[in-house]
Amino acid sequence: MKKIIAGVALTFASSMAFAGSDAGCGVGTMIFKGQSGVGPHVLAATTNGTLGNQTFGMTSGTLGCDTSKPIQSMAMFMDNNIDKIARDISRGEGENLEALAVILGIEAKDRAHFSALLQENFATIFPSEDATATTATDAVYNIIKSDEVLSQYMS
Amino acid sequence: MQLYSLPVFLCLIFSLLPTLSTASITQQIAERAIAFKHYEHPEWLALLHYREGMMSSTKQSQADDPAFFVSGIGAQDPKAEMIASINALVLEKPDDQHFSCIFPARTRWLTNQLNIHKEQLPSVNCPKLEEFRQRLGAKRVNLIFAATYLNSPSSMFGHTFLRIDNTTEQDANLLLSFTVSYAADVQERDNELLFAYRGIFGGYPGVTSVVPYYEKLKQYIDMENRDIWEFELNLTQSEINQMVDHAWEVMDKNFDYYFFDENCAYRLLALIDVGRPGTGLIDDVSYQAIPSDTVRWVVGKELVANVTYRPSTSTTVKSQVSQLTDIEQSVMLNIALQATSIEDAIKDIDDDLSKARVLDAAYEFTRYDTVLSKRTREETAKLSHKLLLARSALGKQTAFESPPAPSVRDDQGHETFRIAARVGTEETEEYIELELRPAYHDLTDIPDGYPEGTQLRFLATRLRYWEDANDLDIEEVTLIDINSISPRDEFFKPTSWKIAVGAIRSELSKDRPLSAYLKGGSGNAFKLADGLLYGYLQGSLQSHRDIHKGYAVGPGLEFGWVRQKQQSQFLTSIDYEHFIEGQEEEKTTLKTQLGIRLDKNQQILGTFSRRKSDQTYTTDWSLEFRQYL
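If you read the protein sequences in the order shown, they are chains A and W. Just so you know, we're using the working numbering here: the first sequence kicks off at 1 and counts up by one. Just so you know, we're using the working numbering here: the second sequence kicks off at 1001 and counts up by one.
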């Protein structure tokens, strides 16, 4: 059931991404190649201003990101922070990896295992520099799902 | 007929009864409100954002949105607004549309203050409000301060927003917390100039937005490389509830954004004022609400329980590079600049910890370069991926210490408003000067709490009194003067730049007319003997009708060395301008300044300058006392 929800969430979010709301909730971000940091973002980011409908994304849910649902929340978080999550996974620790565990509801006692597991599977989650947040989210989901200790969190 | 009339009559009475009692309840409450003048209560005035109007007897709300009021004249009339609110409170409405769903903070205050009982009000459901409260799950509120960012006009003085945590644990993961911030709703196509204009004179609607903390961190920590200070506020749970409910009330309402006073920091003060009544934070704002100042006020009102430092990506990268050994540094650089493959580079390193240090630092360094657009993502994608892949094989390693927090926080430096008195001699003529500089920091100021090598002078005005001539003149009015001196080294290669615009006494005409000027430059800086050595290639423009043809423009050079220590501040520079268009003239100025700190907010500064304009030499000595307010 969750798998279907995840699929729907991702599809919906991806379609949003293709619709051009790259500042929002899409899951199409290229991890290593995606849009550059400076450039189009600078004006938006530095003017203390906000552009478009991002402001109310949280409350109105117009971007398809209902953050109260773990899987959607994970998709959104992954998409926004995928480069930092990739970095944390490679090190087997870090604030962003921990936040991912929080989103997935993984209890404190299982978090060390969760971090180590993802670190071991780095090559599966990010097989090449063309990996996207979508493929990474799917891979993380499958790894957790097939792990003895962690599969309980995905049922 | 008789038989039917009684039930019909009873029916009428029963149907009228609630209406009658509603009306009388309303009237009763309203009478009480008027009798005790509750509408003049500071908390009511704070909830509706009233400030004194044009005349002190009138009130005007700062909300620029009719939806923020119940009464049509509510924006100017706290009393009418209160009566209308009481009426709305007892009125039946569908879910989410009732007064108490739209204005929960006002509802809480009114029912407490006016002693309104639950039974007197209709039962109401507010599912949307409940969802909002639940999602925030507010248990702790933090004021977040993002440090000065010179590359953007609106962030030059720092930026503040609130973070709402759903936990009170100290080591909880806070990336998923929500933030509340107030910002100008800028249209995408507005350029910086239009932004500055509308920011100052109004024209941007201001909106309150709620987004996850990780999005904010991405913007400030990663993209803009600004260090962050987190100030945990010591609000009680009920104060937090009231603040969150008030955030809900203002969230989609328009408050026009003004760059100096009604800005991001100001609206947050208003939120805190509502949360903890009686702090009077808003009253501290006279004409400007500089974010770092507002942090000072919040700290001063004893609202802060804990302070946490969060280094920017650039601070982290620099710290990591400095923690590497010499050998590790050169291996790291070889990898990052793709001089050798990762495998070749690390094959001679024996232990995994050292490998991890090199790979981690190389990754951070590469990403940092990429964000600064020194290299494109296409170029670095493969390398980034390979670095992480190699790193993932090394297991968990404690590669680096986190960068230490600066010993002086941004809010602990000198105050931002500076007033200075100066006595001096130009050749043989003596003068006295008074300078007002409303914001923010000079290269020669006491450096604690401000980034090294930065200057941001804003609206600096100097009045000079010539003693012998008994003459009072405006010597300088600088609109803005920014100097960003960033040292380069083996790893980091930033560009230094400066820009200044305003009016100064021009040496291009005999009477030194007060002339409009624009001066800017770009260059490089290096660390040298505890200070920064810098050089600029610059351009100057001066304009006044007494100058030949009305203007002069030309290139120039500036070299200098600045050493900013806590106790003493030293700057020496030589500035050469060659005006070639309009009026032709060469001008060279040698200037040396030495400041001595007396106190956190007091300094003495001596200045020597020698100026050459064509064949005339002018020598100037002065001594000034600076007080920061």
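Built from N, CA and C at the ideal position, the CB exists for glycine as well.
Within-8 Å CB hit, residue i to chain A
i        : result
N1173(W) : yes
A1067(W) : no
Y1214(W) : yes
L1388(W) : yes
K1218(W) : yes
Contacts of residue i in chain A (Cβ-Cβ under 7 Å)
i        : result
K1355(W) : Going along chain A, no residue has its Cβ under 7 Å from K1355(W), so there is no contact; the nearest lies around 12 Å.
Y1363(W) : R87
H1385(W) : F32, F126, S128 and E129
Beta-carbon proximity of residue i to residue j, cut-off 8 Å
i        : j        : result
F1491(W) : V1321(W) : yes
S1071(W) : D1064(W) : no
I1482(W) : I1504(W) : no
G1137(W) : F1145(W) : no
D1445(W) : Q1397(W) : no
I1327(W) : I1335(W) : no
K1253(W) : A1067(W) : yes
A1345(W) : D1227(W) : no
V149(A)  : H113(A)  : yes
E1131(W) : A1421(W) : no
A1460(W) : E1475(W) : no
R1310(W) : I1221(W) : yes
E1249(W) : F1255(W) : no
L1594(W) : S1613(W) : no
I1282(W) : L1268(W) : no
R1357(W) : F1417(W) : no
Residue i at chain W interface by Cβ criterion, 8 Å
i       : result
G105(A) : no
A108(A) : no
Y140(A) : The sequence as given places Val at residue 140(A); Tyr does not occur at that position. Cβ-Cβ to chain W under 8 Å: no for V140(A).
F77(A)  : yes
V149(A) : no
A99(A)  : yes
T137(A) : no
T62(A)  : Interpretation of T62(A) is limited by its pLDDT of 30, a score under 50 that renders its predicted location unreliable; the figure taken from the coordinates is listed afterwards. It does not; no Cβ of chain W falls within 8 Å.
F12(A)  : Low confidence applies here, because F12(A) scores a pLDDT of 36, under 50, leaving its location unreliable; read the following figure in that light. Taking Cβ atoms only, chain W never reaches closer than 8 Å to F12(A), which makes this a no.
Amino acids of chain W, ordered along the chain, whose beta-carbon sits closer than 8 Å to that of residue i
i       : result
Q119(A) : S1392, G1395 and K1396
A123(A) : L1389 and S1392
Secondary structure of residue i, DSSP reduced to three states
i        : result
T1589(W) : strand
Y1258(W) : coil
G1278(W) : coil
E93(A)   : coil
S60(A)   : Residue placement at S60(A) is poorly supported in this model, since its pLDDT is 29, which falls under 50; the coordinates still yield a value, given next. Correct three-state label for S60(A): helix.
N1334(W) : helix
L1269(W) : helix
F190(A)  : Only positions 1 to 155 of chain A appear in this structure, which leaves residue 190(A) out of reach.
T1308(W) : strand
F1231(W) : strand
E1490(W) : coil
N1087(W) : helix
N1635(W) : Residue 1635(W) lies beyond the stretch modelled for chain W, which goes from 1001 to 1629, so this question has no answer here.
Q1412(W) : helix
H1578(W) : strand
K1519(W) : strand
V1298(W) : helix
G1074(W) : coil
K1527(W) : strand
Residue i: contacting residues in chain A (beta-carbon distance under 8 Å)
i        : result
D1360(W) : R91
Closer than 9 Å at the beta carbon, the chain A residues around residue i
i        : result
L1045(W) : Within chain A, no residue comes near L1045(W); the closest Cβ sits about 27 Å away, beyond 9 Å.
Neighbouring residues, chain D, relative to residue i (Cβ below 7 Å)
i        : result
L1176(W) : Note that chain D does not occur in the displayed structure, where the protein chains are A and W.
(request) Starting from the N-terminal side, write out each stretch of the alpha helix (DSSP H) that is 4 residues or longer and does not extend beyond the region 1026–1067 of chain W. (result) 1042–1047
(request) With a floor of 4 residues, list each alpha helix (DSSP H) that falls wholly inside the region 1329–1380 of chain W, ordered by position along the chain. (result) 1342–1346 and 1352–1371
(message) Could you tell me which whole beta strand (DSSP E) segments of length 3 or greater appear in the region 1100–1158 of chain W?
(response) 1140–1146
(request) Please list the segments of the beta strand (DSSP E) lying wholly inside the region 1421–1501 of chain W, counting only runs of 3 or more residues, in order along the chain. (result) 1429–1437, 1439–1441, 1454–1466 and 1471–1484, all fully within the region 1421–1501 of chain W.
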